[in-house]
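**Q** The structure follows.
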Amino acid sequence: MRHLRRLAAAVAFAAGTLLLGGCTTTLVVAHLVDKLTEGDPTSCFRLNSVDRALQPRCGAYHPGSLKAEDVRASGLPVCPLTLAARDPAFWPMLPELIAKGASPEACTSAPWVALAQANPCPDFAAASPREREALRWLAEADSRAIHHDVVRALSCPNARAAGLDTVLDRWLEQDQLRADTLPFGMLGALHPSHLRSPLARALEARGHSAQAALGAYHGQLAGGFEEALRTADFDALDWWVQRVPALVDRVPAAQANQLPWVPLARVITPAFVPEATRQRELVDYLLAHGAQPWRALPHDAQLSPATLAVMLHSPLADTLAGTRVAGVPAGTTAAAATAAALPLH
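The numbering used here applies: residue 39 is where the sequence shown begins, and numbers increase by one.
If you want it as structure tokens, here you go:
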């Protein structure tokens with residue numbers, strides 16, 4: 039129906055302009071067109087060059103099509119650099135935006151933060167060399183890019199494969215990653231697979247610690263230990279547990295209004311571990327390193343990981359039950375364990 043209205047408007051406009059002529063008639067027909075197409079997206083030919091390039095419906099972006107005046111004052115509600123940086127489909131625009139005067143300081147937040155939060159580890163290798171250099175410049179030219187979520191993205195496997203992790207090395211060389219001034223813990227921000235790197239060792243040598251990395255931070259991506267647990271990265275879990283053994287049983291709250299959380303309870307929660315088949319490996323790992331399945335949960339003294347597993351009908355309930363279920367002797371069946379946990383419902 040909308041297509042028919044647009045077609046009728048176009049025909050009316052063409053007929054009125056050609057047959058009747060005159061400024062007044064043209065204005066009337068134009069008003070009619072506006073009414074018939076009210077609510078439709080703005081026509082591509084009415085958009086400025088930057089807005090048009092950021093609209094997939096207006097066709098592919100062509101290098102050289104951006105006007106410098108549109109780059110400096112795009113009129114968009116969101117900074118063009120942010121829009122182009124956070125979506126890999128628009129990365130081809132970045133070199134021209136920067137060359138024609140786009141500045142990250144003009145954005146209300148760092149474009150790299152928007153990218154990291156939209157996609158923590160995009161395929162940087164698919165970007166052209168010029169696009170990667172533009173991304174590198176955005177990270178190095180904008181001090182706000184030194185952010186928990188950006189560090190995670192720059193240290194992820196795809197970023198390392200594309201050589202973008204050297205931005206972190208540069209920040210370190212320039213003394214921009216001081217443990218006493220950063221508002222987040224660098225070791226908790228690093229991707230779990232980067233904890234054995236020379237960078238991580240250099241950070242520890244400069245005063246960064248795993249304990250401090252468990253503190254508060256401003257960001258959307260999970261803390262380092264939680265990410266290692268969620269992805270079943272056992273090498274990274276070893277790194278954390280060697281430095282803070284108590285993590286297998288309790289993870290301190292990152293914010294003042296939060297409670298500590300329990301890895302055993304988190305692991306058996308449906309959908310926490312993307313690969314459900316790895317749940318048992320994680321439970322076995324935590325138990326082997328001293329996790330206590332019968333210790334009360336911080337938010338409910340009547341619950342423990344073992345009784346929670348029974349309530350959730352987890353296939354790991356028997357593993358967590360160990361030698362007892364709320365006072366039930368060793369060797370008790372799963373049915374009896376369930377009965378013992380019923381009052382907790």
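We put the CB at the ideal spot given by N, CA and C, even for glycine. On a predicted model such as this, the values are computed, not experimentally measured, just so you know.
1. Where does V348 fall in DSSP's three states?
2. From A266, F83, P160, Q212, pick the residue whose C-alpha is nearest to that of P312; which is it?
3. Assign L206 to buried or exposed, taking buried as 16 or more other Cβ atoms, counted over all protein chains shown, within 10 Å of its Cβ.
4. Would you mind working out which of V305, L237, L233 sits nearest L215, comparing C-alpha positions?
5. Between P221 and H256, which are expected to be in contact by the criterion C-beta below 8 Å, what is the C-beta distance as a whole number of angstroms?
6. Assuming P301 and A329 make a contact with CB atoms under 8 Å, what is their CB distance in whole Å?
7. Between which two residues does the alpha helix (DSSP H) holding H337 run?
8. Count the C-beta pairs between the region 125 to 135 and the region 228 to 237 that are closer than 8 Å, then say yes if the count reaches three, no if not.
9. Using DSSP with H/G/I as helix, E/B as strand and the rest coil, what is V282?
10. Please confirm whether A156 and R110 have their CB atoms less than 8 Å apart.
11. Check each candidate in A152, P101, P298, Q340 and name the one with the smallest Cα separation from A183.
12. If we call anything under 8 Å between Cβ atoms a contact, is V321 one with L354?
13. State the DSSP-derived secondary structure class of V8, mapped to helix, strand or coil.
14. Taking the alpha helix (DSSP H) that D322 falls in, what are its first and last residues?
15. Could you compute how far the alpha carbon of V49 sits from the alpha carbon of P126?
16. Give a yes or no on whether the C-beta atoms belonging to P230 and D180 are separated by under 8 Å.
17. May I ask you to list the residues that DSSP assigns as paired with W299?
18. Tell me the DSSP secondary structure of T219 in three-state form.
19. Compare the C-alpha of Q317 against each of T269, G262, A191 and name the closest.
20. With DSSP run on the structure shown, which of helix, strand or coil describes I136?
**A** Once the coordinates are examined:
1. For this step, residue 348 is matched to residue 310 along the sequence shown. Reduced to three states, the DSSP call for V348 is helix.
2. What you label residue 312 is simply residue 274 of the sequence shown in a count that begins at 1. Among A266, F83, P160, Q212, the Cα nearest to that of P312 belongs to A266.
3. As a first step, residue 206 must be located in the sequence shown, where it is residue number 168. It is buried - the Cβ of L206 has at least 16 other Cβ atoms within 10 Å.
4. Counting from 1 along the sequence shown, the entry for residue 215 is found at position 177. Nearest neighbour of L215 by Cα position, chosen from V305, L237, L233, turns out to be L237.
5. Here residue 221 refers to the residue found at position 183 when the sequence shown is read from its first residue. Here residue 256 refers to the residue found at position 218 when the sequence shown is read from its first residue. With a beta-carbon spacing of about 6 Å, P221 and H256 fall inside the 8 Å limit used to define contacts.
6. Locating residue 301 in the sequence shown gives position 263, where the first residue counts as 1. Locating residue 329 in the sequence shown gives position 291, where the first residue counts as 1. Their Cβ separation, rounded to whole angstroms, is 7 Å, which keeps P301 and A329 in contact under 8 Å.
7. Numbered from 1 along the sequence shown, position 299 holds the residue referred to as residue 337. That residue, H337, is in no alpha helix (DSSP H); it is neither H nor E in DSSP.
8. no
9. Residue 282 sits at position 244 when you count from the first residue of the sequence shown. V282 falls in the coil class under three-state DSSP.
10. Residue 156 sits at position 118 when you count from the first residue of the sequence shown. Residue 110 sits at position 72 when you count from the first residue of the sequence shown. No, the pair does not count as a contact, with Cβ atoms beyond the cut-off.
11. As a working mapping, residue 183 is identified with position 145 in the sequence shown. Checking every option, the nearest Cα to that of A183 belongs to A152.
12. By 1-based counting over the sequence shown, the position of residue 321 is 283. By 1-based counting over the sequence shown, the position of residue 354 is 316. Going by C-beta atoms, V321 is nearer than 8 Å to L354.
13. What is shown of the chain runs 39 to 383, which leaves residue 8 out entirely.
14. Here residue 322 is taken as the residue at index 284 of the sequence shown, counted from 1. Counted as a single uninterrupted DSSP element, the alpha helix (DSSP H) harbouring D322 occupies residues 317 to 326.
15. In the sequence shown, counting from the first residue as 1, residue 49 sits at position 11. In the sequence shown, counting from the first residue as 1, residue 126 sits at position 88. Only weak support exists for where V49 lies, its pLDDT of 48 falling under 50; the coordinates are left without a value.
16. What you label residue 230 is simply residue 192 of the sequence shown in a count that begins at 1. What you label residue 180 is simply residue 142 of the sequence shown in a count that begins at 1. Going by C-beta atoms, P230 is not nearer than 8 Å to D180.
17. Here residue 299 corresponds to residue number 261 of the sequence shown, with the count starting at 1. For W299, the pairing in a beta bridge is given by DSSP as V289.
18. The count along the sequence shown starts at 1 and reaches residue 219 at position 181. For T219, the secondary structure class from DSSP, reduced to helix, strand or coil, is coil.
19. Against the sequence shown, residue 317 aligns to sequence position 279. Looking at the Cα atoms, T269 is the closest of the given residues.
20. Here residue 136 is taken as the residue at index 98 of the sequence shown, counted from 1. Helix, per DSSP.
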